[in-house]
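Peer 1: After the structure tokens below, expect a handful of questions from me.
Residue numbers (the working numbering): 1016 to 1175.
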């Protein structure tokens, strides 16, 4: 008996920009939110973390407006066509909305691709300079039908 597969979709999302009380500014960022079986993954992470500020102020790695082919590199990684940017092979799903740098911390997953499935396991918080991952225990694994997953992400490479 095989495990139940989830359906991955993407929806437009917005991190609102605003002037901060102590000076400075939060940059507005439009991104695509991962939705698993109808639940926004970012919201599930916030609930899991008790609404902690760090989890509520992240954006997915699917930011079309970021320069230098950022979106394309992230999609290629999720498709298994480019190497992971983390030494342990994990992939970032959510990053700092100001810079996208893994040094600020990121929500990451281990990704395994089989003949007809893509599986996200062990979601956690990590940086690119610390070997440890703070696991979000009890969250995942998420199994996706590979064809649907690949088709969804590949459409992002064809955007104008």
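All C-beta atoms in this analysis are idealised placements derived from N, C-alpha and C, irrespective of residue type, glycine included.
Under the rule that 16 or more other beta-carbon atoms within 10 Å means buried, what is residue 1109, buried or exposed?
Peer 2: Within the chain shown, the letter at position 94 stands for residue 1109. Answer is buried; the Cβ neighbour count reaches 16.
Peer 1: Could you tell me the alpha carbon to alpha carbon distance between residue 1019 and residue 1157, rounded to whole angstroms?
Peer 2: Position 4 of the chain shown, counted from the start, is the residue given in the question as residue 1019. Position 142 of the chain shown, counted from the start, is the residue given in the question as residue 1157. Taking the straight line from one Cα to the other gives about 9 Å.
Peer 1: Could you tell me which of 1098, 1103 and 1056 sits nearest to residue 1027, measuring between CA atoms?
Peer 2: Taking the chain shown and counting its residues from 1, the one referred to as residue 1027 is at position 12. Residue 1056 is the option with its Cα nearest to residue 1027.
Peer 1: Tell me whether residue 1107 is buried or exposed, calling it buried when 16 or more other Cβ atoms sit within 10 Å of its Cβ.
Peer 2: Against the chain shown, residue 1107 aligns to sequence position 92. Flag for residue 1107 reads buried.
Peer 1: Whose C-alpha, out of 1052, 1074, 1035 and 1080, is nearest the C-alpha of residue 1160?
Peer 2: Taking the chain shown and counting its residues from 1, one reaches residue 1160 at position 145. Residue 1052 is the option with its Cα nearest to residue 1160.
Peer 1: Could you tell me the distance, in whole angstroms, from the CA atom of residue 1177 to the CA atom of residue 1133?
Peer 2: Because the chain spans 1016 through 1175 in this model, residue 1177 falls outside it and cannot be assessed.
Peer 1: In the DSSP assignment, the beta strand (DSSP E) including residue 1154 goes from what residue to what residue?
Peer 2: For the purposes of this step, residue 1154 is taken as residue 139 along the chain shown, with counting starting at 1. Per DSSP, residue 1154 belongs to no beta strand (DSSP E) and is neither H nor E.
Peer 1: Can you have a look at residue 1021 and say buried or exposed, based on whether 16 or more other CB atoms are within 10 angstroms of its CB?
Peer 2: Indexing the chain shown from 1 puts residue 1021 at position 6. That one is buried.
Peer 1: What is the DSSP secondary structure of residue 1042, reduced to helix, strand or coil?
Peer 2: Stepping through the chain shown from its first residue, residue 1042 is reached at position 27. The answer is coil: DSSP assigns residue 1042 none of H, G, I, E or B.
Peer 1: Comparing C-alpha positions only, which one of 1098, 1103 and 1112 sits nearest to residue 1079?
Peer 2: Within the chain shown, residue 1079 is the residue found at index 64, counting from 1. Minimum Cα distance to residue 1079 is reached at 1112.
Peer 1: How is the alpha helix (DSSP H) around residue 1030 delimited, first residue to last?
Peer 2: If you number the chain shown from 1, residue 1030 lands on position 15. It is not in any alpha helix (DSSP H) - residue 1030 instead sits in the beta strand (DSSP E) that spans 1023-1030.
Peer 1: Who are the near neighbours of residue 1150 in its chain, counting only those whose CB is closer than 7 Å to its CB and skipping five residues on each side?
Peer 2: Against the chain shown, residue 1150 aligns to sequence position 135. Taken in chain order, the residues that qualify are 1137 and 1139.
Peer 1: Helix or strand or just coil, what does DSSP make of residue 1137?
Peer 2: Indexing the chain shown from 1 puts residue 1137 at position 122. Strand at residue 1137.
Peer 1: On the DSSP bridge list, what partners appear for residue 1149?
Peer 2: Mapped onto the chain shown, residue 1149 falls at position 134. Residue 1149 pairs with 1140.
Peer 1: What did DSSP end up calling residue 1059 once you bin it into helix, strand or coil?
Peer 2: Looking up residue 1059 in the chain shown gives position 44. Three-state result, residue 1059: helix.
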